[in-house]
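Participant:
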């Protein structure tokens, strides 16, 4: 099989569209179509079902896509090892994390990492879906639970609790609740209970909304909750680490908190000696040590 045709097939199978694959490969749709047709003729099989919404792999196409995914992963690993053979830390690093932790804790602290390694190119992927690290959907992950995938090196970083915060301006205008029952007279700002979030956070929100409140505002990620609270909209359910980075927020009802939420860092075993991985891992650990020290003070 022609390697170039396999590369084009992989892009089409991944995109599910000749047009999108052509954009990725910088080829015309007709050129991509000709290559796929030639590959199918060479294999004497049909690799895709065509329909109005795009392309679906046939059983034979799925088999070939499994093979090209494995090839792609091995090539990426080889390229990473070649890059990491140099003394400098540089190049691409794909990091995945949840939207909350990635936007509220990680991204604001990346300035110090880039100051030390200005030639890094970090692609930060924020989503609740757990990406497949062994299949190289990302190089390194920070997740709110211990990863279950095999062949991963994992490190527990810290523990987070969801707590209640409000701006001092909101509390001056509306008063400060003294007990949980008082929340019925305030506007509660939280993630929507149906949105993707850690179970401990969802449980706390269920407890808080078990009693009716006069007003509420829900959004589908913690960054939206934070922006609403900073702009004096109400009392918000937020991870406790925002108290360090946003000292203008007031911790309300300190006795109310979610269960412990563990934060894990993980990366594939095969990247154990990657200089980029080591640099990022050490940076995250140092930032968390600094965060803990600030909390103790």
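Numbering (our numbering), first residue to last: 1 to 297. All C-beta atoms in this analysis are idealised placements derived from N, C-alpha and C, irrespective of residue type, glycine included.
#1: Report the residue ranges of all beta strand (DSSP E) runs contained in full by the stretch 168-211; include only those spanning at least 3 residues, in chain order.
#2: Beta carbon of residue 93, beta carbon of residue 122: below 8 Å?
#3: Note down the Cα distance separating residue 167 from residue 266, rounded to an integer number of angstroms.
#4: Count the other CB atoms within 10 Å of the CB of residue 97; is the residue buried (16 or more) or exposed (fewer)?
#5: What number of angstroms, rounded off, separates the C-alpha of residue 49 from the C-alpha of residue 57?
#6: So, residue 298 versus residue 263, is the Cβ gap smaller than 8 Å?
#7: Could you tell me the distance, in whole angstroms, from the CA atom of residue 66 to the CA atom of residue 132?
#8: Could I get the ranges of all uninterrupted beta strand (DSSP E) runs contained in the stretch 227-277, with 3 residues as the minimum, in chain order?
#9: Check residue 138 in the structure and name its three-state DSSP category.
#10: Give the DSSP-derived three-state secondary structure of residue 281 in the structure shown.
#11: Please state the DSSP three-state secondary structure of residue 215.
#12: Run the CB neighbour count on residue 287, radius 10 Å, all protein chains shown included, and call it buried at 16 or more, exposed below.
#13: Who does residue 166 pair with in a DSSP beta bridge?
#14: When the Cβ atoms of the stretch 180-192 are set against those of the stretch 276-292, are three or more pairs found closer than 8 Å?
#15: So, is residue 247 buried or exposed, given that buried needs 16 or more other C-beta atoms within 10 angstroms?
#16: Measuring CA to CA, which of 231, 229, 187, 52 is closest to residue 351?
#17: As a quick exercise: from 250, 208, 136, pick the residue whose alpha carbon is nearest that of residue 76.
#18: Can you pull the DSSP bridge partners for residue 125?
#19: Check residue 16 in the structure and name its three-state DSSP category.
#20: Name, in chain order, the residues that DSSP records as bridge partners for residue 54.
#21: May I ask which residues mark the beginning and end of the alpha helix (DSSP H) holding residue 43?
#22: Should residue 236 be counted as a contact of the ligand COA given a C-beta to heavy atom distance under 7 Å?
#23: Just checking, does the stretch 167-182 make contact with the stretch 220-233 on the three C-beta pairs under 8 Å criterion?
#24: Tell me which same chain residues have a C-beta within less than 7 Å of the C-beta of residue 19, skipping the five on either side of it?
#25: Can you tell me where the alpha helix (DSSP H) with residue 106 in it begins and where it stops?
Facilitator: On the basis of the coordinates in this document:
#1: 187-191
#2: Here residue 93 corresponds to residue number 93 of the chain shown, with the count starting at 1. Here residue 122 corresponds to residue number 122 of the chain shown, with the count starting at 1. Yes, the Cβ-Cβ distance between residue 93 and residue 122 is below 8 Å.
#3: As a working note, residue 167 is residue 167 in the chain shown. As a working note, residue 266 is residue 266 in the chain shown. Straight-line Cα distance between these residues: approximately 35 Å.
#4: Position 97 of the chain shown, counting from 1, holds the residue named residue 97. With 16 or more Cβ atoms within 10 Å of its Cβ, residue 97 is classed as buried.
#5: As a first step, residue 49 is located in the chain shown; it is residue number 49 there, counting from the start. As a first step, residue 57 is located in the chain shown; it is residue number 57 there, counting from the start. Each residue's Cα considered, the two are about 6 Å apart.
#6: The shown model of the chain, from 1 to 297, leaves out residue 298, and the question about it has no answer.
#7: Residue 66 sits at position 66 when you count from the first residue of the chain shown. Residue 132 sits at position 132 when you count from the first residue of the chain shown. Distance between the alpha carbons of residue 66 and residue 132 is about 14 Å.
#8: Here the runs fully enclosed are 235-239, 249-252, 261-268.
#9: Residue 138 sits at position 138 when you count from the first residue of the chain shown. Note: residue 138 maps to coil in three-state DSSP.
#10: For the purposes of this step, residue 281 is taken as the residue at position 281 of the chain shown. Correct three-state label for residue 281: helix.
#11: Here residue 215 corresponds to residue number 215 of the chain shown, with the count starting at 1. Of the three classes helix, strand and coil, the one that applies to residue 215 here is strand, per DSSP.
#12: For the purposes of this step, residue 287 is identified with residue 287 of the chain shown, where counting begins at 1. That one is buried.
#13: If you number the chain shown from 1, residue 166 lands on position 166. In the DSSP output, where bridge partners are listed per residue, residue 166 has 250.
#14: no
#15: Taking the chain shown and counting its residues from 1, the one referred to as residue 247 is at position 247. With fewer than 16 neighbouring CB atoms inside 10 Å of its own CB, residue 247 falls in the exposed class.
#16: In this structure the chain extends from 1 to 297, so residue 351 is not present and cannot be described.
#17: Here residue 76 is taken as the residue at index 76 of the chain shown, counted from 1. It is 136.
#18: For the purposes of this step, residue 125 is taken as the residue at position 125 of the chain shown. Looking at the DSSP assignment, residue 125 forms a beta bridge with 96.
#19: One-based indexing of the chain shown puts residue 16 at position 16. Shown here, residue 16 sits in coil according to DSSP, grouped into three states, outside any helix or strand.
#20: The residue labelled residue 54 in the question sits at position 54 within the chain shown. In DSSP, residue 54 forms a bridge with 51.
#21: Within the chain shown, residue 43 is the residue found at index 43, counting from 1. Counting along the chain, the alpha helix (DSSP H) containing residue 43 begins and ends at 29-43.
#22: With respect to small molecules bound, the structure shown includes none, and the ligand COA cannot be examined in it.
#23: When Cβ pairs closer than 8 Å are counted between the two stretches, the stretch 167-182 is seen to touch the stretch 220-233, the count reaching three or more.
#24: Mapped onto the chain shown, residue 19 falls at position 19. Its chain contains 29 as the residues whose beta carbon lies nearer than 7 Å to that of residue 19, once the 5 sequence neighbours on both sides are disregarded; these appear in chain order.
#25: For the purposes of this step, residue 106 is taken as the residue at position 106 of the chain shown. Where residue 106 is concerned, there is no enclosing alpha helix (DSSP H), given that its DSSP letter is neither H nor E.
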